[in-house]
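**Q** First the structure, which I've put down as structure tokens, then a few questions once you've had a look.
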Amino acid sequence: MPIRAARRATAFAFGIQGFIFISLTTRIPHFAERWSLHELEISIGLLGVVLLAGLGSVVAEQVSTRVDSAWVLRVGLGLMAVVVPLVCVAPTLWMYAAAMALYGLALGLVDATTNMQAVAVEHAYERPILPSFHGAWTLGGIIGAGLTLALPELFDAGLALIALAPLLGTLLPYLRRVSMPAEPAPEEAVPWRELLLVGLAMVLFYMVDTASTTWGPTYLDRTFDTPSRLVALATFPYLVASLIARIAGDGLVHRYGPVVVLRAGAILASISLAVIVAAPNWQIAVIGFTTLGLGAAVMAPLSFSAAGRLAGAGIDDPSLRQLRVDGVIARFNQFNYAGALIGAVMTGVIGADNLRWGFAVPMVLILAVWPLAKAFRAPENASAVSVRSAS
Numbered sequence: 032m033p034i035r036a037a038r039r040a041t042a043f044a045f046g047i048q049g050f051i052f053i054s055l056t057t058r059i060p061h062f063a064e065r066w067s068l069h070e071l072e073i074s075i076g077l078l079g080v081v082l083l084a085g086l087g088s089v090v091a092e093q094v095s096t097r098v099d100s101a102w103v104l105r106v107g108l109g110l111m112a113v114v115v116p117l118v119c120v121a122p123t124l125w126m127y128a129a130a131m132a133l134y135g136l137a138l139g140l141v142d143a144t145t146n147m148q149a150v151a152v153e154h155a156y157e158r159p160i161l162p163s164f165h166g167a168w169t170l171g172g173i174i175g176a177g178l179t180l181a182l183p184e185l186f187d188a189g190l191a192l193i194a195l196a197p198l199l200g201t202l203l204p205y206l207r208r209v210s211m212p213a214e215p216a217p218e219e220a221v222p223w224r225e226l227l228l229v230g231l232a233m234v235l236f237y238m239v240d241t242a243s244t245t246w247g248p249t250y251l252d253r254t255f256d257t258p259s260r261l262v263a264l265a266t267f268p269y270l271v272a273s274l275i276a277r278i279a280g281d282g283l284v285h286r287y288g289p290v291v292v293l294r295a296g297a298i299l300a301s302i303s304l305a306v307i308v309a310a311p312n313w314q315i316a317v318i319g320f321t322t323l324g325l326g327a328a329v330m331a332p333l334s335f336s337a338a339g340r341l342a343g344a345g346i347d348d349p350s351l352r353q354l355r356v357d358g359v360i361a362r363f364n365q366f367n368y369a370g371a372l373i374g375a376v377m378t379g380v381i382g383a384d385n386l387r388w389g390f391a392v393p394m395v396l397i398l399a400v401w402p403l404a405k406a407f408r409a410p411e412n413a414s415a416v417s418v419r420s421a422s
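Going by this note's numbering, the residue at position 76 of the sequence shown is 107; the numbering climbs one at a time, nothing skipped.
Right, here's the structure in full:
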């Protein structure tokens, strides 16, 4: 199977994930009104989704040691295609909660395996392309946010049609593992100390990203006199700016290196959050969300790229390398959910009475990316190892 086909399939899977996630989160104000949910209750629900997504990622790690990540990704997309309509048309609160729980599990499966696929494809290309994959997620999110802006009254059965996207994703030609090695490389060879430093930076990114995409529309809705049809503007320009940053990310990293790019992004993200917290009206808040996307967007793809490089260092056999990287990426993906937990739950809990306070915490914490950025510096003799695909 041509590696280009696998790259397109993986990018499309990222786009599907972003499309579904943003289509649902930009309608949180609607779901909250429908089920009479307060910020604290929304936070509890998001906590459950995040924890189950973490469980899904663990399942992906365990299963991917026996079958390749392409198969697990298809299962996750298939589950998502089934549960998303249930989220949209649930007749009772308990059915809605159960459907969201299953969505969290599917999200974890898809999230882990799309990044496994992306790292494997990047190794095959022998150059950094992770930002473009995460850019595909952002593009899918832009389409989802655009759908909310264009059709703000689209709910229930109409909204359930978005499940056609993950259903289509189950048919795509993902990267297959060439063969299963006789036994994996020894566990102690994994450089977990270095991975921890990179993972902490990713926690900080997802803290900011989840706070913005999950709580941004609610922040505009409840803090300002924002027209209800425009609350998705907290997300739409943020994603557009993120897409621009991720498209430019490969070139910026090649020219300036990951350390400089990450540190500059952390400063811009902190300033942007300060604008959001102090905004006198919703228009200024939207400007803050927009520049936040420019500052923070490249942190996640650079984290996964660095994790893949560290996990596969010193392994020459392509199948063994991909097996090792798949397992490490699935574990590394837990940092994603740690950040999502902080961003989604902490923002809602601290901002239960005033969401400005909820956004003030990530405004300060994101600055910790500055000292962590040095962990992203690749060694001088680092080289990529190709991963061939099988038909």
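Backbone N, C-alpha and C fix where the C-beta goes; we use that ideal spot for every residue, glycine too.
Which class does E157 belong to by DSSP, given the choice of helix, strand or coil?
**A** For this step, residue 157 is matched to residue 126 along the sequence shown. The answer is coil: DSSP assigns E157 none of H, G, I, E or B.
**Q** Within the chosen definition, does the stretch 111–121 reach the stretch 364–378 through at least 3 CB pairs nearer than 8 angstroms?
**A** Contact between the stretch 111–121 and the stretch 364–378 is absent, because fewer than three Cβ pairs lie under 8 angstroms.
**Q** With DSSP run on the structure shown, which of helix, strand or coil describes P258?
**A** Residue mapping note: residue 258 aligns to position 227 of the sequence shown, counting from 1. Residue state, collapsed to three classes: coil.
**Q** Determine the burial state of P312: buried for a count of at least 16 other Cβ atoms within 10 Å of its Cβ, exposed for fewer.
**A** Translated into positions along the sequence shown, residue 312 becomes position 281. Looking at the sequence shown, residue 312 is not Pro but Asn. Exposed, by the Cβ-count rule.
**Q** In whole angstroms, give me the CA-to-CA distance for A265 and Q148.
**A** On the sequence shown, position 234 is the one that residue 265 refers to. On the sequence shown, position 117 is the one that residue 148 refers to. Their backbone Cα atoms lie some 30 angstroms apart in a straight line.
**Q** Near E126, what residues of its chain come up, given a Cβ to Cβ distance below 8 angstroms and the 5 sequence neighbours on each side ignored?
**A** As a first step, residue 126 must be located in the sequence shown, where it is residue number 95. The amino acid at residue 126 is misidentified as Glu; the sequence shows Met. Result list for M126: L117, in chain order.
**Q** In angstroms with no decimal places, state the Cα-to-Cα distance between L110 and L195.
**A** Indexing the sequence shown from 1 puts residue 110 at position 79. Indexing the sequence shown from 1 puts residue 195 at position 164. Computed Cα separation, rounded: 12 angstroms.
**Q** Apart from the five residues on each side of it in sequence, which residues of its chain come closer than 7 angstroms, Cβ to Cβ, to F407?
**A** Walking along the sequence shown from the start, residue 407 turns up at place 376. Excluding positions up to five away in sequence, the list reads V229, P289, V290, L293, L333, A337.
**Q** From the DSSP output, in three-state form, read off S414 for me.
**A** By 1-based counting over the sequence shown, the position of residue 414 is 383. Low per-residue confidence applies at S414: pLDDT is 39, beneath 50, and the placement is therefore not dependable, though the value from the model is reported in the following sentence. Of the three classes helix, strand and coil, the one that applies to S414 here is coil, per DSSP.
**Q** Nearest by alpha-carbon distance to P349: which of S88, H154, V90 is it?
**A** As a working mapping, residue 349 is identified with position 318 in the sequence shown. Nearest option by C-alpha distance: H154.
**Q** What does the alpha-carbon distance come out to for the pair T169 and F50?
**A** Residue 169 sits at position 138 when you count from the first residue of the sequence shown. Residue 50 sits at position 19 when you count from the first residue of the sequence shown. One C-alpha to the other measures close to 8 angstroms.
**Q** Who are the Cβ neighbours of F390 in its own chain at under 8 angstroms, not counting the five residues just before and after it?
**A** Within the sequence shown, the letter at position 359 stands for residue 390. These residues qualify, in order along the chain: A242, W246, Y250, L304, I307, V308, T378, G382.
**Q** Please return the same chain residues whose Cβ sits closer than 8 angstroms to the Cβ of L261, not counting the five positions on each side in sequence.
**A** Here residue 261 corresponds to residue number 230 of the sequence shown, with the count starting at 1. Closer than 8 angstroms at the Cβ level, and outside the excluded window around L261, lie L180, L251, W313.
**Q** Can you give me the C-alpha to C-alpha distance between I397 and L325, rounded to a whole angstrom?
**A** By one-based count along the sequence shown, residue 397 stands at place 366. By one-based count along the sequence shown, residue 325 stands at place 294. Cα-Cα distance, rounded: 14 angstroms.
**Q** Identify, in the order they occur along the chain, each residue of the same chain with its Cβ nearer than 6 angstroms to the Cβ of T257, setting aside the five sequence neighbours on each side.
**A** Position 226 of the sequence shown holds residue 257. Hits under 6 angstroms: L251, W313.
**Q** Could you tell me which whole alpha helix (DSSP H) segments of length 4 or greater appear in the stretch 328–392?
**A** Qualifying alpha helix (DSSP H) stretches, in chain order: 330–343, 349–363, 365–371, 378–381.
**Q** Per the contact definition of three or more C-beta pairs closer than 8 angstroms, is the stretch 268–287 in contact with the stretch 358–366?
**A** Judged by Cβ distances under 8 angstroms, the stretch 358–366 makes no contact with the stretch 268–287, as fewer than three pairs qualify.
**Q** For a quick check, are the C-beta atoms of F45 and A167 less than 8 angstroms apart?
**A** Taking the first residue of the sequence shown as position 1, residue 45 is located at position 14. Taking the first residue of the sequence shown as position 1, residue 167 is located at position 136. The answer is yes: Cβ separation under 8 angstroms.
**Q** Between which two residues does the alpha helix (DSSP H) harbouring T56 extend?
**A** By 1-based counting over the sequence shown, the position of residue 56 is 25. Taken as a continuous stretch (DSSP letters only), the alpha helix (DSSP H) holding T56 covers 34–56.
**Q** Out of G200, F186, A36, G189, which has the shortest C-alpha to C-alpha gap to G171?
**A** Walking along the sequence shown from the start, residue 171 turns up at place 140. When only C-alpha atoms are compared, the closest one is G200.
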